[in-house]
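Colleague:
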């Protein structure tokens, strides 16, 4: 499974959504992505990619696309 597929899987499971909505998805666009859902999704990402996000990165993680950029800082490549 590619990193992108793993990343998408976390979003789909966290927010009970489907792949077609992910590209434009932003924090609080859907009821599931509230502060509690955000922290749950962060925990799932940290476990999935075996990383520990810094607090500033957790706060700045404001969209699906921004998240890919953030994870890139931790060596997660989405071009595989």
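Numbering (our numbering), first residue to last: 19 to 98. C-beta: ideal position from N, C-alpha, C; glycine also. Bear in mind the structure is a predicted one, so any value in this text is a computation, not a measurement.
(1) Could you please give me the residues that DSSP links to residue 44 through a beta bridge?
(2) Specify the secondary structure class of residue 20 as computed by DSSP and reduced to three states.
(3) Am I right that residue 48 and residue 33 are in contact with their C-beta atoms under 8 Å? What's the rounded C-beta distance?
(4) Using a 10 Å radius around the Cβ and a threshold of 16 neighbouring Cβ atoms, would you call residue 77 buried or exposed?
(5) For the alpha helix (DSSP H) that residue 57 lies in, which residues bound it at each end?
Modeller: So, from the listed chains and residues:
(1) Beta-bridge partners assigned by DSSP to residue 44: 81.
(2) Looking at residue 20 - three-state DSSP - the assignment turns out to be coil, as it is neither helix nor strand.
(3) With 8 Å as the limit, residue 48 and residue 33 qualify as a contact, their Cβ atoms being about 6 Å apart.
(4) With fewer than 16 other Cβ atoms within 10 Å, it is exposed.
(5) Element bounds for residue 57: 53 to 67.
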